[in-house]
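Trainee:
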Amino acid sequence: MKRLLLNGSPRGKDANSRTILTWMAQGLAQAGITGLSIVDVAPDPNRPAHLQAFLDADEVVFAFPLYTDSMPGLVKGFLEAIALADRPRLQGKRVAFIIQSGLPEGIHTEALGAYLARVCERLGFLHLGTLRKGGVEGIRMMPPRSIAKIAAHFVQAGRELGARGSFSPELIRTMAEPRTFGWKARALIRLLGGIGLLNIYWNRRLKNHGAYARRFDTPYLLGPVAVAIGPSGQRP
Amino acid sequence: MHCLVLNGNPQPSGFDDYLARFARALEQRGHAAERIELRRRNLRYCAGCWTCWWKTPGLCALKDDMADIYPKMVQADLVLWASPLVVGTISALLKKVQDRFVPIAHPYIELVDGECHHRHRYAHNADLGVIVEPTAEDTDADLAITRELFQRFSRNTRTRLRLFATTATPVEEAAREALAA
């Protein structure tokens, strides 16, 4: 069986989705499936070699981030290109999806999950399941210990896919949790927001780039001429 | 009211005529409607560089026609996302522009109605409208999914989904809905 790991992140090789796919590959290897490589859709969803790789594969794991509450435009472009193929070439293809989001709750990815299930139905794919995992922004930069649990889930997902040919309903459910936060977590988030710790990751990045003082800039109110120069007289 | 119509139709078709009639119906009621045919523009895919979030806050690093479209988006009262359905939802062309909304949002997370959402960068925030053209293959379930995707977008961007119409909706009715407060 030919297998393909497909990374639909706009960031290409530097993507969290790619990290997730390497964990999936580890899990697949534990189930005896080795030698898999990862193909990046970015920066062009219409590259013939990649479309061909998809058409030739018997099983595809397609991972990408939630982007403005849906799939990245690149992923949509890739699906549109695939849909032009003769339907018999798509019929029965085994396809699994992974949606990862920076926003932590599962509710943000539900609608996209429903769309992807419908895509499988429409194009005749055998849907192996869609994993939805929130709170993933920045995993490439986190110390290994703090991401051990997320990594373990994706390794398990790879193992399940290799051993049983699909993700278990329990794993799909667990990874998408919490759908929304309970009152205790919400109180903690409010507290962290109040003392300025909720956005510590973003503040650190803004400070690293000397942009913290300009973090609330609204450059597009100035019109296209000012935009070309930049909000603080600097060329971007 | 100023309405910005983002036409994500990848090929010329009757869909463009529907949008022209929709714009005319708004103008006849004394409102401004500006249509942008995205297929004629030089537009790149968001690269996920986050320059707009942590290097030049609010400013996209890509050099393309979005530089003209962004000021229109942040100043409009209603941004209308328009597209024929392609593989069951909006075209990749329109989604490409939706992805480019990132600089208009702020990286900070806030709790809104019990959910985590991004802070909005601009004090004024255009309402949302959606007009789609289903194909024979599309069902009510497909329309409901696209509507829900935009409901989520409106929640996360703190905007109101004012209009969700298909080209089966009479133009006058769509215009009335777009103008409803």
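Keeping their order, the protein sequence lines are chains G and F. Sequential numbering of the first sequence, starting at 1, is according to our numbering. Sequential numbering of the second sequence, starting at 237, is according to our numbering. Virtual Cβ for every residue (Gly too), placed ideally from N, Cα, C. Everything numeric in this text was worked out from a predicted model, so none of it was measured.
Please determine, among 292/F, 405/F, 347/F, 287/F, the residue with the shortest C-alpha to C-alpha distance to residue 369/F.
Mentor: When only C-alpha atoms are compared, the closest one is 405/F.
Trainee: Report yes or no: do three or more beta-carbon pairs, one from the stretch 69-86 of chain G and one from the stretch 314-334 of chain F, lie closer than 8 Å?
Mentor: They touch, by the three-pair rule.
Trainee: Just to confirm, are residue 98/G and residue 63/G a CB contact at a threshold of 9 Å?
Mentor: Against a cut-off of 9 Å, the Cβ pair of residue 63/G and residue 98/G comes out as a contact.
Trainee: Could you tell me whether the stretch 201-217 of chain G touches the stretch 287-305 of chain F, using the rule of 3 or more Cβ pairs below 8 Å?
Mentor: Yes, the stretch 201-217 of chain G touches the stretch 287-305 of chain F.
Trainee: When the cut-off is 9 Å and only beta carbons count, does residue 334/F lie next to chain G?
Mentor: Residue 334/F counts as touching chain G.
Trainee: Nearest CA to the CA of residue 195/G: which residue from 346/F, 354/F, 413/F, 397/F?
Mentor: Among 346/F, 354/F, 413/F, 397/F, the Cα nearest to that of residue 195/G is on 346/F.
Trainee: Determine which residues share a DSSP beta bridge with residue 401/F and list them.
Mentor: According to DSSP, residue 401/F bridges with 367/F.
Trainee: Does residue 115/G come out as helix, strand or coil in the three-state DSSP assignment?
Mentor: Helix.
Trainee: What's the gap between the Cα of residue 17/G and the Cα of residue 260/F?
Mentor: Near 44 Å, if we compare the C-alpha coordinates of residue 260/F and residue 17/G.
Trainee: Please confirm whether residue 153/G and residue 175/G have their CB atoms less than 9 Å apart.
Mentor: Closer than 9 Å, so yes.
Trainee: Flag this pair as touching only if the stretch 167-186 of chain G and the stretch 119-136 of chain G have three or more C-beta atom pairs under 8 Å; answer yes or no.
Mentor: Short answer: they touch.
Trainee: Considering only the alpha carbon of each residue, which of 6/G, 189/G, 25/G lies closest to residue 159/G?
Mentor: Cα-wise, what sits closest to residue 159/G is 25/G.
Trainee: Expressed to the nearest angstrom, what Euclidean distance is found between the alpha-carbon atoms of residue 69/G and residue 86/G?
Mentor: Rounded to the nearest angstrom, the two C-alpha atoms are 30 Å apart.
Trainee: Report the CB separation of residue 254/G from residue 123/G in whole angstroms; it is logged as a contact under 8 Å.
Mentor: Because chain G spans 1 through 236 in this model, residue 254/G falls outside it and cannot be assessed.
Trainee: Can you find the residues in the same chain that come closer than 6 Å, C-beta to C-beta, to residue 238/F, ignoring five residues on each side of it along the sequence?
Mentor: Excluding positions up to five away in sequence, the list reads 268, 312, 313.
Trainee: For residue 367/F, decide whether its Cβ has a neighbour in chain G, counting only Cβ atoms nearer than 9 Å.
Mentor: Chain G, which has no Cβ nearer than 9 Å to the Cβ of residue 367/F, makes this no.
Trainee: Chain G beta carbons: is any one of them nearer than 9 Å to that of residue 329/F?
Mentor: Taking Cβ atoms only, chain G reaches closer than 9 Å to residue 329/F, which makes this a yes.
Trainee: So which residues of chain G does residue 381/F contact, with C-beta pairs closer than 7 Å?
Mentor: The contacting residues are 111, 114, 115, 118.
Trainee: Got a sec: is the Cβ-Cβ distance from residue 15/G to anything in chain F below 9 Å?
Mentor: Yes, contact with chain F.
Trainee: Between residue 137/G and the rest of its own chain, which residues show a CB-CB distance below 6 Å, the 5 nearest in sequence each way excluded?
Mentor: Counting only Cβ-Cβ distances below 6 Å, and skipping sequence neighbours, we find 102.
Trainee: Is residue 130/G close to chain F, meaning its C-beta is less than 9 Å from at least one C-beta of that chain?
Mentor: Not closer than 9 Å to any Cβ of chain F, the Cβ of residue 130/G fails to qualify, so no.
Trainee: Please classify residue 371/F: is it buried, with 16 or more other beta-carbons within 10 angstroms of its beta-carbon, or exposed?
Mentor: Looking at its Cβ environment, which holds fewer than 16 other Cβ atoms inside 10 Å, residue 371/F is exposed.
Trainee: What three-state label does DSSP hand residue 269/F in the structure shown?
Mentor: Three-state DSSP puts residue 269/F in a strand.
Trainee: If you scan the stretch 247-327 of chain F from start to end, which runs of the beta strand (DSSP E) of 3 or more residues do you find wholly inside it?
Mentor: Segments of the beta strand (DSSP E) lying fully in the stretch 247-327 of chain F: 268-273, 314-320.
Trainee: Helix, strand or coil, according to DSSP, for residue 123/G in the structure here?
Mentor: It is helical.
Trainee: Tell me which same chain residues have a C-beta within less than 7 Å of the C-beta of residue 198/G, skipping the five on either side of it?
Mentor: Closer than 7 Å at the Cβ level, and outside the excluded window around residue 198/G, lie 189, 192.
Trainee: To the nearest angstrom, how far is the alpha carbon of residue 50/G from that of residue 36/G?
Mentor: Approximately 15 Å, taken between the alpha carbons.
Trainee: Check the DSSP bridge columns for residue 186/G and list the partner residues they point to.
Mentor: According to DSSP, residue 186/G bridges with nothing at all.
Trainee: Taking DSSP as the reference, what is the three-state secondary structure of residue 348/F?
Mentor: If DSSP states are grouped into helix, strand and coil, residue 348/F belongs with the strands.
Trainee: Do residue 161/G and residue 57/G have their C-beta atoms closer together than 9 Å?
Mentor: No; because the gap between Cβ atoms is not below 9 Å, this pair is not in contact.
Trainee: Can you name the residues of chain F whose CB is closer than 7 Å to the CB of residue 176/G?
Mentor: Result: empty, since nearest Cβ-Cβ is about 14 Å, beyond 7 Å.
Trainee: Please determine, among 94/G, 48/G, 78/G, the residue with the shortest C-alpha to C-alpha distance to residue 4/G.
Mentor: Among 94/G, 48/G, 78/G, the Cα nearest to that of residue 4/G is on 94/G.
Trainee: In the structure shown, what three-state DSSP assignment does residue 390/F receive?
Mentor: Reduced to three states, the DSSP call for residue 390/F is helix.
Trainee: Using a Cβ-Cβ cut-off of less than 7 Å, list which residues of the stretch 240-268 of chain F approach chain G; keep chain order.
Mentor: If the cut-off is 7 Å between Cβ atoms, the stretch 240-268 of chain F has nothing near chain G.
Trainee: Once DSSP output is grouped into helix, strand and coil, what is the label at residue 197/G?
Mentor: Note: residue 197/G maps to coil in three-state DSSP.
Trainee: Residues in the stretch 75-94 of chain G with C-beta within 7 Å of chain F's C-beta atoms, listed in sequence order?
Mentor: Listed by position, the residues of the stretch 75-94 of chain G near chain F (Cβ gap below 7 Å) are 76, 77, 79, 80, 83.
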